Ligand code: SF4
Ligand code: SF4
């Protein structure tokens, strides 16, 4: 059977997971938000029927885990219906939320609908900084939400995006996760796309900050053993080799954006040189196996030098395509994070500025907008 | 081999779900942020981890189903019960270390079957 799949689809395997970005709307305004600068407005969001169809097609395609995300997915009043539908299709429903709107009553209804896991984001370990970063008085509500998740007997993951403003307070973050009884804590160093790239001067930490934080993380990991799983997502500007695209471009996961466009990863939508197909016009199966966008960076035929003749090309796939595009304007370029990349000086420059800290005062923090920015034309 | 697991009731962790995937024709263990592809035996053992039966009971059932699946001529080649129980205990210990199975000292309440 494995072979049949391979033959039928030119070596492309079915995807394991779907990131369902139900909406871009969100009560928070995180300056590192990975949503596009051009946010989709409510009027353009897929309907409940359309999302149900996407979920059914995903299950047929081989998807076994659905991450309901956004924006804030709780702003959709059909979340319960969609979780139930995913559950009935025997997929594993995971909720990725800011926690705003997750009351005890809501969580028990979602659990009853089949929800398996909840990931709550925090901006910092205490209220003042957390609220300042998120641009919203959210901290206490998040704590209450996390406690409700635990009370409902669901697995609780915390996710904290790390950057210059909160890296020095990592111990507080770990303490918060322990207090809340989280089973998993993801310490996700910021990846610089979209809003985060816009705010890079304010967010990119110094090497020294990273080193100190890494020590705190390692000590906590050793101390907590298997009481709490702690994940450290490496700060890739400071990594020695580029990170591969999550499992490979169009290899294990796909993302459906609020307006129905289907992407190999949540940030790929920014690439103007590719056009992404939409579930309103094509089936998920067609998009996964046949679409130009998904096939474009599969394999290694597309690679330029120095990747084409590099022995690491199967390990990192030439690095992240979104990063190459965001920094060089060419999605085919070697990821500038790589020391062998022709554009590596771009990363070195950003790091030098972060280490000197001389740009911090000159640029203001740009908070993620409330609604779709009407001044920017739609991407297609 | 005596194991701490002998008198306990293993149960799949609340965050974990078992699934037979018709597309890949494989048993999967679904976890937050992770999918584990299981072989037949692992899937069969985990299916029996319902918090209501002990490791010896699980072993008996595994052996019984192996006997039905195996031709009478090959039955002699099956490992003995003690070896099987040790193997299953070891496997469950690994699953517990990963946090995918919870080992309970007492059987899950109501509907106690063994
Ligand atoms: S990163 Fe912040 S603003 Fe963006 S969706 Fe998440 S909570 Fe909302
Ligand atoms: S040259 Fe390309 S393939 Fe080689 S390590 Fe750098 S990014 Fe990876």
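Protein chains in written order, with this note's numbering: chain A, 1 to 380; chain B, 381 to 494. Just so you know, even glycine gets a beta-carbon here, dropped at the ideal spot from N, CA and C. Quick caveat, the model's predicted, so the values are computed rather than measured.
| Looking at residue 189 of chain A and residue 242 of chain A, is the spacing between their C-beta atoms short of 7 Å? | no
| request: For residue 382 of chain A, return the contacting residues in chain B, with the cut-off set at a CB-CB distance below 8 Å. | output: There is simply no residue 382 of chain A to check, as chain A begins at 1 and stops at 380 in what is shown.
| field | Local Cβ density within 10 Å of residue 352 of chain A, reported as buried at 16 or more and exposed below that | value | exposed
| field | Contact set between residue 408 of chain B and chain A, taken where Cβ atoms lie within less than 7 Å | value | 64
| task | Closer than 8 Å by C-beta to residue 443 of chain B: which residues in its own chain qualify, once you throw out the five before and the five after it? Chain order, please. | result | 458, 461, 464
| request: Report yes if the C-beta of residue 98 of chain A is less than 6 Å from at least one heavy atom of ligand 1; otherwise report no. | output: yes
| query | Apart from the five residues just before and just after residue 15 of chain A, which ones in its own chain have a Cβ nearer than 7 Å to its Cβ? | reply | 61, 62, 63, 252, 253, 254, 288
| Do residue 93 of chain A and residue 85 of chain A have their C-beta atoms closer together than 7 Å? | no
| query | If you draw a straight line from the C-alpha of residue 426 of chain B to the C-alpha of residue 390 of chain B, how long is it? | reply | When rounded, the distance between both Cα atoms is 9 Å.
| Got a sec: does ligand 1 put a non-hydrogen atom nearer than 6 Å to the Cβ of residue 52 of chain A? | no
| request: Identify, in the order they occur along the chain, each residue of the same chain with its Cβ nearer than 8 Å to the Cβ of residue 4 of chain A, setting aside the five sequence neighbours on each side. | output: Residue placement at residue 4 of chain A cannot be trusted, given a pLDDT of 46 that sits under 50; what the coordinates show is reported in the next sentence. No residues qualify anywhere along the chain.
| query | Can the beta-carbon of residue 199 of chain A be found closer than 7 Å to that of residue 366 of chain A? | reply | yes
| task | Output yes if chain B places a C-beta closer than 7 Å to the C-beta of residue 4 of chain A; else output no. | result | Low per-residue confidence applies at residue 4 of chain A: pLDDT is 46, beneath 50, and the placement is therefore not dependable, though the value from the model is reported in the following sentence. Output row for residue 4 of chain A: interface = no.
| Does DSSP classify residue 130 of chain A as helix, strand or coil? | helix
| said: Are there any heavy atoms of ligand 1 lying less than 6 Å away from the beta-carbon of residue 33 of chain A, as far as the coordinates show? | reply: yes
| By Cβ distance below 7 Å, which residues in the same chain neighbour residue 102 of chain A in space, the five residues on each side in sequence not counted? | 74, 145, 148
| query | Is it true that the region 156 to 171 of chain A meets the region 110 to 125 of chain A, where meeting means three or more beta-carbon pairs spaced less than 8 Å apart? | reply | yes
| field | Same chain only: Cβ atoms within 7 Å of residue 197 of chain A, ignoring 5 sequence neighbours per side | value | In chain order, 326 place their CB closer than 7 Å to the CB of residue 197 of chain A, counting only its own chain and leaving out the 5 sequence neighbours on each side.
| Name the chain B residues that come within less than 9 Å of residue 223 of chain A, Cβ to Cβ? | Ordered by position in chain B, no residue passes the 9 Å Cβ test against residue 223 of chain A, which lies about 17 Å from the chain.
| Using a Cβ-Cβ cut-off of 8 Å (strictly less than) and excluding sequence neighbours within five positions of residue 373 of chain A, which residues of its own chain qualify? | Here the model assigns residue 373 of chain A a pLDDT of 42, short of 50, so the residue's position is not dependable and the matter cannot be decided.
| query | Fully enclosed by the region 144 to 208 of chain A, which alpha helix (DSSP H) runs are 4 residues long or longer? | reply | 170 to 180, 194 to 198, 200 to 203
| For residue 153 of chain A, the nearest candidate out of A/172, A/167, A/194, A/104 (CA to CA) | A/104
| Quick one: does the C-beta of residue 368 of chain A sit closer than 6 Å to a heavy atom of ligand 1? | yes
| request: For residue 159 of chain A, go through chain B and note every residue whose CB falls closer than 9 Å to its CB, in chain order. | output: By Cβ distance, chain B contributes nothing, its closest Cβ being about 10 Å from residue 159 of chain A, past 9 Å.
| query | Taking just the CA atoms, how far does residue 432 of chain B sit from residue 296 of chain A? | reply | In this structure, the alpha-carbon of residue 296 of chain A lies about 51 Å from that of residue 432 of chain B.
| query | Can you list, in chain order, the residues of its chain whose CB lies under 6 Å from that of residue 482 of chain B, leaving out five sequence neighbours each side? | reply | 391, 393
| task | In angstroms with no decimal places, state the Cα-to-Cα distance between residue 97 of chain A and residue 26 of chain A. | result | 10 Å
| task | Indicate the three-state DSSP secondary structure (helix, strand or coil) for residue 288 of chain A in the structure shown. | result | helix
| request: Would you please state the rounded distance, in angstroms, between the beta carbons of residue 167 of chain A and residue 210 of chain A? I believe it to be under 8 Å. | output: 7 Å
| request: Could you confirm whether any beta carbon from chain B is found closer than 7 Å to the beta carbon of residue 136 of chain A? | output: no
| field | Where residue 479 of chain B meets chain A, residues with beta-carbon distance less than 8 Å | value | 183, 226, 229
| message | Relative to the C-alpha of residue 324 of chain A, which candidate in A/312, A/337, A/314, A/316 has its C-alpha closest? | response | A/337
| task | Say yes only if the C-beta of residue 276 of chain A is nearer than 6 Å to one or more non-hydrogen atoms of ligand 2, and no if none qualify. | result | no
| Residues of chain B with CB under 7 Å from residue 238 of chain A, in chain order? | What residue 238 of chain A touches in chain B: nothing, since even the nearest Cβ is about 23 Å away.
| In chain order, what residues of the same chain lie with their CB nearer than 7 Å to the CB of residue 485 of chain B, ignoring the 5 residues before and after it? | 388
| message | Using a Cβ-Cβ distance cut-off of 7 Å, determine whether residue 432 of chain B contacts chain A. | response | By this cut-off, residue 432 of chain B is not an interface position.
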